[in-house]
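**Student:** Sharing a structure below in structure tokens format, with a few things to ask.
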């Protein structure tokens, strides 16, 4: 035995030594834990500051990460992220100046959507209406802003078709509108910055699918189809995509001008099929094709001017007037809301329209006036 009374050769542990080791271990755990938490908080802080500096909240987290029944979510957060990642390459940034892409806070940038691999892009017309130059930033190509050409626009729908000289662009798959039901979950995605991995996404459900009625410049009602959704629509996703749970496009998010015609809590997206028709029109404009009516007729001359118009002698089968229901012996009184007194009036008015446009025509038949809709096409 040694002087402390312990047997020689026997290993002993001093209590205070054990206590010091435990204290050291606890201290180490605390230090590591604090470092981990502060690191996580620091990362969150940097992200929040970057977003809030421009008045933006991180909607990708706050709207899409909850699994409660009250929140409008998809099946899993991982599903949401994968869908948004899949959608993002098809959404581009659009501005009237190269410099605007550096600061989202200016409000001078918007989103657009690639609709064709040959460079056809759809966006809100009101965003580019008075622009001298229009620039597009394509995230999937890692490009700097490139100048585009305004090919076609529709003021009533407030959509514009831009063209960039870039081939082989990614094109999103279009969803089957016939399978969309009220209550289906949807995601609204925009990317006004035109950068990779920086989409702005909100989500909700389809509230309704119906005709949207707006007035044209002549005061006539023009109808097109679209979705109403409770997904939040704002300056960061206008002009962007409305997609279903499969990441397929079902609509293009309408402009502020159209959104303002409805309740503040309702978002509007134009049916993707309507948008596809707009793209078709823009291609016909680019090719120089002009619409026809398929009409053979002459002017009606009346001494007291009680009846003025174009007498329909013959309509060509499968041409626009024939398809609209115009018949021989009808008298065309108005076309696109404008008075028609002679044949040259018709041809003059027609020059202002493109293939695919729908215009109103007023005819006199058997003592009564009738209003018909004509869908303009090329000569068949």
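Numbering (the UniProt record's numbering), first residue to last: 1 to 380. Ideal placement from N, C-alpha and C gives every residue a C-beta, glycine not left out.
Tell me the DSSP secondary structure of residue 99 in three-state form.
**Tutor:** Along the chain shown, read from residue 1 onward, the residue named residue 99 stands at position 99. Helix.
**Student:** Taking residue 324 as part of the alpha helix (DSSP H), name the residues at either end of that continuous run.
**Tutor:** Locating residue 324 in the chain shown gives position 324, counting from the first residue. Segment 320-324, the alpha helix (DSSP H) holding residue 324.
**Student:** Leaving aside the five residues before and after residue 293 along the sequence, list all residues of the same chain whose C-beta is less than 6 Å from its C-beta, in chain order.
**Tutor:** Mapped onto the chain shown, residue 293 falls at position 293. Result list for residue 293: 320 and 321, in chain order.
**Student:** Run through the DSSP bridge pairs and tell me what residue 371 is partnered with.
**Tutor:** As a first step, residue 371 is located in the chain shown; it is residue number 371 there, counting from the start. For residue 371, which the question treats as bridged, DSSP gives the partners 362.
**Student:** Quick check on the DSSP output: what are the complete beta strand (DSSP E) runs of length 3 or more inside the segment 114-196, in order along the chain?
**Tutor:** Listed in chain order, the complete beta strand (DSSP E) runs (minimum 3 residues) inside the segment 114-196 are 120-124, 134-137, 146-154, 159-163 and 185-190.
**Student:** Between residue 86 and the rest of its own chain, which residues show a CB-CB distance below 7 Å, the 5 nearest in sequence each way excluded?
**Tutor:** Position 86 of the chain shown holds residue 86. Contacts found: 247.
**Student:** To the nearest angstrom, how far is it from the Cα of residue 138 to the Cα of residue 215?
**Tutor:** Within the chain shown, the letter at position 138 stands for residue 138. Within the chain shown, the letter at position 215 stands for residue 215. So the alpha carbons of these two residues sit roughly 33 Å apart.
**Student:** Cutting at 8 Å between CB atoms, please list the residues of its own chain near residue 98, excluding the five before and the five after it.
**Tutor:** As a first step, residue 98 is located in the chain shown; it is residue number 98 there, counting from the start. So the qualifying residues of the chain are 135, 144 and 145.
**Student:** CA-CA distance, residue 197 and residue 88?
**Tutor:** Along the chain shown, read from residue 1 onward, the residue named residue 197 stands at position 197. Along the chain shown, read from residue 1 onward, the residue named residue 88 stands at position 88. Going from the Cα of residue 197 to the Cα of residue 88 covers about 7 Å.
**Student:** Beta carbon of residue 272, beta carbon of residue 120: below 9 Å?
**Tutor:** Mapped onto the chain shown, residue 272 falls at position 272. Mapped onto the chain shown, residue 120 falls at position 120. Their beta carbons are not under 9 Å apart, which means residue 272 does not touch residue 120 by this criterion.
**Student:** According to DSSP, simplified to helix, strand and coil, what is residue 278?
**Tutor:** The sequence position of residue 278 within the chain shown is 278, counting from 1. In this structure, residue 278 counts as helix in the three-state DSSP scheme.
**Student:** Check each candidate in 202, 155 and 253 and name the one with the smallest Cα separation from residue 110.
**Tutor:** Position 110 of the chain shown, counting from 1, holds the residue named residue 110. Nearest C-alpha to residue 110: 253.
**Student:** Can you tell me which residues form a DSSP beta bridge with residue 271?
**Tutor:** As a position in the chain shown, residue 271 is number 271, starting the count at 1. Residue 271 pairs with 251.
**Student:** Quick one: what does DSSP say residue 73 is sitting in, helix, strand or coil?
**Tutor:** Residue numbering aside, residue 73 sits at position 73 when the chain shown is read from its first letter. Its pLDDT being 38, under 50, residue 73 is placed unreliably by the model, and the measurement read from it follows with that caveat. Of the three classes helix, strand and coil, the one that applies to residue 73 here is coil, per DSSP.
**Student:** In this structure, how does DSSP classify residue 347 when only helix, strand and coil are distinguished?
**Tutor:** Residue 347 sits at position 347 when you count from the first residue of the chain shown. Helix at residue 347.
**Student:** Flag this pair as yes or no: are the beta carbons of residue 266 and residue 251 separated by less than 9 Å?
**Tutor:** Here residue 266 refers to the residue found at position 266 when the chain shown is read from its first residue. Here residue 251 refers to the residue found at position 251 when the chain shown is read from its first residue. Not a contact, by the Cβ cut-off of 9 Å.
**Student:** Run the proximity test for residue 348: is its beta-carbon closer than 8 Å to any non-hydrogen atom belonging to the ligand FAD?
**Tutor:** Because no ligand of any kind appears in the structure shown, any question about the ligand FAD cannot be addressed here.
**Student:** Tell me which residue opens and which closes the beta strand (DSSP E) that residue 221 is part of.
**Tutor:** As a working note, residue 221 is residue 221 in the chain shown. Note, residue 221: beta strand (DSSP E), 221-229.
**Student:** Just mark residue 202 as buried or exposed, buried being the case when its beta carbon has 16 or more other beta carbons within 10 Å.
**Tutor:** Taking the chain shown and counting its residues from 1, the one referred to as residue 202 is at position 202. Per the 10 Å Cβ criterion, buried.
**Student:** In whole angstroms, what is the alpha-carbon distance linking residue 332 and residue 213?
**Tutor:** Numbered from its first residue, the chain shown carries residue 332 at position 332. Numbered from its first residue, the chain shown carries residue 213 at position 213. C-alpha separation (whole angstroms): 25 Å.
**Student:** Quick check on DSSP: helix, strand or coil for residue 212?
**Tutor:** Position 212 of the chain shown, counting from 1, holds the residue named residue 212. DSSP places residue 212 in strand when its eight states are reduced to three.
**Student:** Would you say residue 151 and residue 162 are within 9 Å of each other, going by their C-beta atoms?
**Tutor:** As a position in the chain shown, residue 151 is number 151, starting the count at 1. As a position in the chain shown, residue 162 is number 162, starting the count at 1. Yes, the pair counts as a contact, with Cβ atoms nearer than the cut-off.
**Student:** Between 178, 374, 131 and 313, which has its C-alpha nearest residue 298's C-alpha?
**Tutor:** Along the chain shown, read from residue 1 onward, the residue named residue 298 stands at position 298. The shortest Cα separation from residue 298 among 178, 374, 131 and 313 belongs to 313.
**Student:** What separation, rounded to the nearest whole angstrom, lies between the Cα atoms of residue 236 and residue 329?
**Tutor:** As a first step, residue 236 is located in the chain shown; it is residue number 236 there, counting from the start. As a first step, residue 329 is located in the chain shown; it is residue number 329 there, counting from the start. Roughly 54 Å between the two C-alpha positions.
**Student:** Would you kindly check if the distance between the Cβ of residue 290 and the Cβ of residue 346 is under 9 Å?
**Tutor:** Counted from its first residue, the chain shown places residue 346 at position 346. Counted from its first residue, the chain shown places residue 290 at position 290. Their beta carbons are not under 9 Å apart, which means residue 346 does not touch residue 290 by this criterion.
**Student:** Please say whether residue 83 and residue 205 have beta carbons closer to each other than 9 Å?
**Tutor:** Numbered from its first residue, the chain shown carries residue 205 at position 205. Numbered from its first residue, the chain shown carries residue 83 at position 83. Going by C-beta atoms, residue 205 is not nearer than 9 Å to residue 83.
**Student:** What does the Cβ neighbour count give for residue 334, buried or exposed, with the cut at 16 atoms within 10 Å?
**Tutor:** Here residue 334 refers to the residue found at position 334 of the chain shown. Flag for residue 334 reads buried.
**Student:** Which value, in whole angstroms, describes the spacing of the CA atoms of residue 227 and residue 101?
**Tutor:** Residue numbering aside, residue 227 sits at position 227 when the chain shown is read from its first letter. Residue numbering aside, residue 101 sits at position 101 when the chain shown is read from its first letter. Taking the straight line joining both Cα atoms gives about 29 Å.
**Student:** Check whether the Cβ atoms of residue 354 and residue 372 sit closer than 9 Å, and answer yes or no.
**Tutor:** By 1-based counting over the chain shown, the position of residue 354 is 354. By 1-based counting over the chain shown, the position of residue 372 is 372. Contact flag unset, no.
**Student:** Measuring alpha carbon to alpha carbon, tell me which of 210, 342 and 243 ends up nearest residue 300.
**Tutor:** Residue 300 sits at position 300 when you count from the first residue of the chain shown. The shortest C-alpha separation from residue 300 is found at 342.
**Student:** Round the Cβ separation of residue 381 and residue 337 to the nearest angstrom and send it over; I've been treating them as touching at under 8 Å.
**Tutor:** Because the chain in this structure spans residues 1 to 380, residue 381 falls outside the shown range and cannot be described.
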